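Peer 1:
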Amino acid sequence: MWPNFSKGLFNYLALLICFVGGTLISLAQQEMNTADRIALRNQIGLRHDNDFILLTDRYYTAGLFLTYRHRLEKGIFNSENEQLSFSIGQEIITPSYLITEDVQELDRAYVGFSALKAGWSQVRRSSLIEAKFLIGIAGRASGAGRLQRWYHHSVMKTETPTWVGEMENSIHYNLYSRYLYEWQLAPNPFSIHIAAQSQIAFGTRDIYVHPELVAYFGKRNPLSSSIAHNQIGSTDSEVFFALRGGYRLVGHNGLLEGNALGDDSVLLVPSNTTVVYFGFDFQFRYGRNEYWVGVRYNTPEFEKAKHHQYVILSYTRGF
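Here it is, written out as structure tokens:
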């Protein structure tokens with residue numbers, strides 16, 4: 324049976340109100356002085372993904388990420404538009420049926436994933452290249468199962484997921500690369516930008532190619548200083564929304580099929596070779612503060628799966 328969401332939804336909305344309220348207070352206290360107009364070179368941000376606000380609790384159900392970014396004064400290629408990023412995060416992935424002790428009733432395995440990620444990016448006038456390296460651990464050692472059980476029991480006051488048949492512990496290494504090219508079709512104050520990008524992943528967790536098209540509408544900075552592409556170099560205000568769509572050609576999904584080098588977990592499921600993605604974003608920069616609310620939707624990732632959607636909430640502060 325599905326958990327009783329009524330009390331849980333109330334608690335989740337209370338947390339959401341605290342999040343929004345805290346950021347609005349920060350916005351009200353923002354000092355719009357000369358110091359805030361200088362070019363920033365450092366940034367720290369907190370992002371939370373969750374599907375519960377959309378009244379689902381399955382598949383990629385939650386993620387929490389803390390990220391630090393630094394803009395290099397003189398980069399690897401003697402460029403002023405190069406950045407480094409470092410993040411630590413945890414993801415929680417569950418089957419669609421949470422309250423059972425019988426592994427045979429599950430459509431996929433429970434798995435948590437905790438990881439460190441380091442990245443480098445360079446922006447030119449109309450293009451961006453990015454490379455990231457990830458090292459992480461999947462399974463009980465990630466701590467995700469304990470966190471979700473505590474959260475459901477103590478915060479949401481709903482039935483606790485069993486985490487029966489959890490994926491075995493496994494170390495993962497992965498490389499990710501991205502190339503983006505952008506066109507500006509209309510100027511501010513209501514600009515239109517179109518970006519075409521392709522992402523490639525290779526490693527023990529992910530093997531895929533992911534082309535995507537994104538359209539941005541609103542007041543936006545150039546690519547080299549826009550929050551649309553996580554660029555630090557400006558405190559000029561931005562407010563815009565974006566629509567995105569893409570598809571992923573999947574070679575391997577390690578959080579569904581297990582480690583690409585071998586895995587003894589009791590429940591491993593083949594991934595669909597093609598998954599389609601859609602998304603909506605609203606982003607806002609005010610001085611040193613950046614806000615991001617997004618929604619993501621994807622078609623089924625494996626044969627017995629349903630479609631899925633989740634919400635992104637993010638706050639970032641430059642310094």
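Residues 324 to 642, numbered by our numbering, are exactly what the sequence shown covers, in order.
Glycine included, C-beta positions come from ideal geometry on N, C-alpha and C.
Note that the coordinates shown come from a computational prediction; the quantities given were computed from them, not determined experimentally.
(1) Please list, in chain order, all residues of the same chain as Leu590 whose beta carbon is under 8 angstroms from its beta carbon, the five residues on each side excluded.
(2) Pull up the distance between the alpha-carbon of Glu580 and that of Gly610, whole angstroms please.
(3) When you compare only the Cα positions, how much space is there between Pro623 and Phe436?
(4) Work out the CA separation of Ile416 and Phe525 for me, nearest whole Å.
(5) For Ala464 versus Asn492, is the C-beta spacing smaller than 9 angstroms?
(6) Going along the chain, which residues of its own chain have a beta-carbon closer than 6 angstroms to the beta-carbon of Ala565, five neighbours each way excluded?
(7) In the DSSP assignment, find the unbroken beta strand (DSSP E) run with Ala509 in it and report its ends.
(8) Going by DSSP, what residue range makes up the alpha helix (DSSP H) through Gly577?
(9) Taking 8 angstroms as the threshold, find out whether the region 496–508 comes into contact with the region 467–482 through three or more Cβ pairs.
(10) From what residue to what residue does the beta strand (DSSP E) around Gly602 run?
(11) Can you tell me which residues form a DSSP beta bridge with Gln632?
(12) Between the beta-carbon of Arg640 and the beta-carbon of Gln413, is there less than 9 angstroms?
(13) Give a yes or no on whether the C-beta atoms belonging to Asp372 and His631 are separated by under 9 angstroms.
(14) Contact defined as beta carbons within less than 8 angstroms: I believe Pro593 pairs with Tyr570. What is the distance between those atoms, to the nearest angstrom?
(15) Within the continuous beta strand (DSSP E) that includes Arg392, where are the two ends?
(16) Are Arg370 and Trp615 close, meaning C-beta to C-beta below 9 angstroms?
(17) In whole angstroms, give me the CA-to-CA distance for Asn621 and Gly568.
(18) Please work out which residues of its chain come closer than 7 angstroms, Cβ to Cβ, to Ala362, disregarding the five sequence neighbours upstream and downstream, and give them in chain order.
(19) Sorted by chain position, which residues of the same chain lie with C-beta nearer than 6 angstroms to Glu354's C-beta, five sequence neighbours on each side aside?
Peer 2: According to the structure data:
(1) In the sequence shown, the residue the question calls residue 590 occupies position 267. These residues qualify, in order along the chain: Val426, Leu429, Arg431, Ala432, Gly488, Met490.
(2) Within the sequence shown, the letter at position 257 stands for residue 580. Within the sequence shown, the letter at position 287 stands for residue 610. Roughly 44 angstroms between the two C-alpha positions.
(3) Counting from 1 along the sequence shown, the entry for residue 623 is found at position 300. Counting from 1 along the sequence shown, the entry for residue 436 is found at position 113. Taking the straight line from one Cα to the other gives about 20 angstroms.
(4) Here residue 525 refers to the residue found at position 202 of the sequence shown. Here residue 416 refers to the residue found at position 93 of the sequence shown. Computed Cα separation, rounded: 20 angstroms.
(5) Taking the first residue of the sequence shown as position 1, residue 464 is located at position 141. Taking the first residue of the sequence shown as position 1, residue 492 is located at position 169. Yes.
(6) Locating residue 565 in the sequence shown gives position 242, counting from the first residue. Within the same chain, Ala565 has close Cβ partners Val537, Tyr539, Asp604.
(7) Counting from 1 along the sequence shown, the entry for residue 509 is found at position 186. For Ala509, the enclosing beta strand (DSSP E) covers residues 493–509.
(8) Numbered from 1 along the sequence shown, position 254 holds the residue referred to as residue 577. Bounds of the alpha helix (DSSP H) holding Gly577 are 577–580.
(9) With a cut-off of 8 angstroms, the region 467–482 and the region 496–508 do not count as touching, because too few Cβ pairs lie within range.
(10) In the sequence shown, counting from the first residue as 1, residue 602 sits at position 279. Here the beta strand (DSSP E) through Gly602 covers 597–609.
(11) Position 309 of the sequence shown holds residue 632. Answer is Tyr620, bridged to Gln632.
(12) Start at 1 with the first residue of the sequence shown, and residue 640 comes out as number 317. Start at 1 with the first residue of the sequence shown, and residue 413 comes out as number 90. No. Outside cutoff.
(13) Here residue 372 refers to the residue found at position 49 when the sequence shown is read from its first residue. Here residue 631 refers to the residue found at position 308 when the sequence shown is read from its first residue. Not a contact, by the Cβ cut-off of 9 angstroms.
(14) Residue 593 sits at position 270 when you count from the first residue of the sequence shown. Residue 570 sits at position 247 when you count from the first residue of the sequence shown. In this structure, Pro593 and Tyr570 do not form a Cβ contact; the two beta carbons are roughly 18 angstroms apart against a cut-off of 8 angstroms.
(15) What you label residue 392 is simply residue 69 of the sequence shown in a count that begins at 1. Going by DSSP, Arg392 is part of the beta strand (DSSP E) stretching over 382–394.
(16) Here residue 370 refers to the residue found at position 47 when the sequence shown is read from its first residue. Here residue 615 refers to the residue found at position 292 when the sequence shown is read from its first residue. Contact annotation: Arg370 and Trp615 have beta-carbon atoms nearer than 9 angstroms.
(17) Counted from its first residue, the sequence shown places residue 621 at position 298. Counted from its first residue, the sequence shown places residue 568 at position 245. Cα to Cα, the separation comes out at about 10 angstroms.
(18) Counting from one through the sequence shown, the residue named residue 362 turns up at place 39. For Ala362, where only same-chain residues beyond five positions count, the Cβ hits under 7 angstroms are Gly556, Ser557.
(19) The residue labelled residue 354 in the question sits at position 31 within the sequence shown. Here Glu354 scores only 42 on pLDDT, less than 50, and its place in the model should not be relied on; the value that follows carries that caveat. Non-local C-beta neighbours of Glu354 in its own chain, meaning closer than 6 angstroms and more than five positions away in sequence, are absent.
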